[in-house]
Each structure stands twice: as C-alpha cells, then as structure tokens.
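Visitor:
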Amino acid sequence: MTSDSSRFVRQAELVPTKTLTAITVSVIGVGAIGRQVALQLAAIGVRNLQLIDFDNVDLTNTTTQGYAYREVGQPKVAASAEAVARIDPTIQVQAIADRFRPRLELGAAIFCCVDSIDTRATIWRAAQERCHFWADGRMLGELIRVLAAVDYVSRQYYSRSLFPGTEAQLGRCTAQSTIYAASIAAGLLVHQFTRWLRDLAISRDTTLNLLAGELTAE
Numbered sequence: 023m024t025s026d027s028s029r030f031v032r033q034a035e036l037v038p039t040k041t042l043t044a045i046t047v048s049v050i051g052v053g054a055i056g057r058q059v060a061l062q063l064a065a066i067g068v069r070n071l072q073l074i075d076f077d078n079v080d081l082t083n084t085t086t087q088g089y090a091y092r093e094v095g096q097p098k099v100a101a102s103a104e105a106v107a108r109i110d111p112t113i114q115v116q117a118i119a120d121r122f123r124p125r126l127e128l129g130a131a132i133f134c135c136v137d138s139i140d141t142r143a144t145i146w147r148a149a150q151e152r153c154h155f156w157a158d159g160r161m162l163g164e165l166i167r168v169l170a171a172v173d174y175v176s177r178q179y180y181s182r183s184l185f186p187g188t189e190a191q192l193g194r195c196t197a198q199s200t201i202y203a204a205s206i207a208a209g210l211l212v213h214q215f216t217r218w219l220r221d222l223a224i225s226r227d228t229t230l231n232l233l234a235g236e237l238t239a240e
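Quick note: the sequence shown, position 211, residue 233 per the working numbering, numbers continuous.
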C-alpha cells in the first residue's frame, strides 16, 4: 500500500497542496455542474468544503447529474457529502440543505453553480466582497460558459454579465443537459481555481460549444 502523502504526487506541480489546504471552498448549488465540481475538488485535495443546496435528488438527476438511483429523494447536499467522503473521508464537509442566505459565512473561494441569472446576482451582491476567488458555471445543452473573478477588472466584467433574467437566453441550464457536458464545465471551473492557487492569470470568460467544436477565452 502506498502512503497517503503519495496520493497527490502526480499533480504536485499543478495543484499547490499547502495553499489548497489553507482555505475553505464553497459550492453553491450541487446540481449538474456543482456536484461534479465538488467531486473534483475532493479529488485534488481540498480539506474544507461547504455545500449549499435546498433541493432533493430527482429521478432525472441520475442521468444528468450523476446521482445514484438509491439517492433519489435524499437532499442533494447529503448525497454529495457522502460521495465526497468516499473519495476522502478526512475532508471536512459542511452540508447546508437550504437556500443561500446573504448572512451565511462562506469560504474564500466560491463556485456559483445555480440555475438562474437572478439567483446569481443575489449571491454575487452578498458575497463579492467576502471572497478572493469566484467562479460561475453556466450550461445550456452542449454550450458551456465559465466566468471567473479574482481582481477589480474581472469583478467588474463579471458584474456586467449579470443582465436581468428576462433578457437571458430562454431555457434553464437543467432544461437540456448531459453528464458529460457538466463534467467538462466542472473541469474548466476547477482549472481556473488551480490557476489562481498558483498565482497564474485566470480567464475571466471561457465559452465552449461542444457541438460546434469552438472554444473562446479571454
């Protein structure tokens, strides 16, 4: 058997373990994208993880979000916390089965993985001054958009992306989705996070159209 310290040897130059273990990471919304983000964070070695979601697992979530059939009816945060524990039982997980509340204490890094623009805007207004890293994953079918904010310029850019919900593209991110698109979106989000951990420049706006095979980033 290999020692626990060797677990991260293959990612040592890509994910700074000491920096990662010093912060708490919040994932708001553990649906299609958020659940995959939580699992990837557990795999790369996050030590303190906060999961926030009011919803329960629906039968359709077993195909599009990666939940197990036996988890149908369970709170998504509880099912996701158990999945994280199967990866690493030593991770400290705070599972909050409730809607986001503005006074809730959050981590220094936040992944916003909710459905609507209006909800994103509400969370952003409450959390933007309290976090050092912010990432937002959006998905409609095979079209993925990832936004990240870590400084004044990227925060201003992100704020401009929060147009009124009535002007948003029709359809929620869960209206048309697949597990493979959600997994790719999560990977792009976690990639921006690891870049930030390494003090590398992040891409404030990345769009990937899987159907067209087009990727743009700035």
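Built from N, CA and C at the ideal position, the CB exists for glycine as well. Computed from a prediction, not measured in an experiment: that's the story for all the values here.
So is Glu240 buried or exposed if we call it buried at 16+ other beta carbons inside 10 Å?
Guide: As a working note, residue 240 is residue 218 in the sequence shown. Answer is exposed; the Cβ neighbour count stays below 16.
Visitor: Would you tell me roughly how many angstroms separate the C-alpha atoms of Thr41 and Leu219, rounded to the nearest one?
Guide: Position 19 of the sequence shown, counted from the first residue, corresponds to residue 41. Position 197 of the sequence shown, counted from the first residue, corresponds to residue 219. When rounded, the distance between both Cα atoms is 7 Å.
Visitor: Does the Cβ-Cβ distance between Ala60 and Leu71 come in under 8 Å?
Guide: Counting from 1 along the sequence shown, the entry for residue 60 is found at position 38. Counting from 1 along the sequence shown, the entry for residue 71 is found at position 49. Yes.
Visitor: Just verifying my parser: in three-state terms, what is the DSSP assignment at Glu104?
Guide: Taking the first residue of the sequence shown as 1, we reach residue 104 at position 82. Glu104: helix per DSSP, three-state reduction.
Visitor: Over the uninterrupted beta strand (DSSP E) stretch that includes Arg160, give me the two end residues.
Guide: For the purposes of this step, residue 160 is taken as residue 138 along the sequence shown, with counting starting at 1. Element bounds for Arg160: 155 to 162.
Visitor: Measuring CA to CA, which of Pro111, Ile139, Thr144 is closest to Leu126?
Guide: Sequence index remark: in the sequence shown, residue 126 carries index 104 (1-based). Taking only the C-alpha atoms, the option nearest Leu126 is Thr144.
Visitor: Hey, is Pro186 close to the ligand ATP, as in C-beta under 7 Å from one of its heavy atoms?
Guide: Among the components modelled here there is no ligand, and therefore nothing to report on the ligand ATP.
Visitor: Sort Leu233, Leu162, His154, Ala234 by Cα distance to Asp221 and report the nearest one.
Guide: Position 199 of the sequence shown holds residue 221. That would be His154, whose Cα lies nearest to the Cα of Asp221.
Visitor: Using the beta-carbon count (16 or more within 10 Å), is Pro111 buried or exposed?
Guide: The residue labelled residue 111 in the question sits at position 89 within the sequence shown. Exposed is the call here.
Visitor: Between Asp227 and Tyr174, is the Cβ-Cβ spacing less than 8 Å?
Guide: As a first step, residue 227 must be located in the sequence shown, where it is residue number 205. As a first step, residue 174 must be located in the sequence shown, where it is residue number 152. Taking 8 Å as the Cβ cut-off, Asp227 and Tyr174 do not qualify as a contacting pair.
Visitor: In this structure, how does DSSP classify Thr24 when only helix, strand and coil are distinguished?
Guide: Counting from one through the sequence shown, the residue named residue 24 turns up at place 2. Its pLDDT being 45, under 50, Thr24 is placed unreliably in this model, and the coordinates cannot settle the point.
Visitor: Based on the DSSP secondary-structure assignment, which residues constitute the bridge partners of Arg167?
Guide: Counting from one through the sequence shown, the residue named residue 167 turns up at place 145. The partner list for Arg167 (beta bridge, DSSP) reads Arg160, Thr229.
Visitor: Is Ala131 helix, strand or coil when you go by DSSP?
Guide: Residue numbering aside, residue 131 sits at position 109 when the sequence shown is read from its first letter. It is a strand residue.
Visitor: On a Cα-Cα basis, can you pick out the residue from Pro97, Glu35, Trp146, Leu162 that is closest to Phe185?
Guide: As a working mapping, residue 185 is identified with position 163 in the sequence shown. That would be Trp146, whose Cα lies nearest to the Cα of Phe185.
Visitor: Provide the residue(s) that pair with Leu73 in DSSP beta bridges, ordered along the chain.
Guide: If you number the sequence shown from 1, residue 73 lands on position 51. The partner list for Leu73 (beta bridge, DSSP) reads Val49, Ala117.
Visitor: Determine the direct distance from the alpha carbon of Gln116 to that of Ser205, and round the result to whole angstroms.
Guide: In the sequence shown, the residue the question calls residue 205 occupies position 183. In the sequence shown, the residue the question calls residue 116 occupies position 94. Rounded to the nearest angstrom, the two C-alpha atoms are 22 Å apart.
Visitor: If we ignore side chains and look at the alpha-carbon of each, how far apart do Asp120 and Ala100 end up?
Guide: For this step, residue 120 is matched to residue 98 along the sequence shown. For this step, residue 100 is matched to residue 78 along the sequence shown. About 11 Å.
Visitor: Rounded to whole angstroms, what is the Cα-Cα separation between Gln191 and Arg57?
Guide: On the sequence shown, residue 191 is found 169 positions in, with the first residue counted as 1. On the sequence shown, residue 57 is found 35 positions in, with the first residue counted as 1. Only weak support is given to the placement of Gln191: the predicted model assigns it a pLDDT of 49, under 50, and the value that follows is read from those uncertain coordinates. Roughly 23 Å separates the two Cα atoms.
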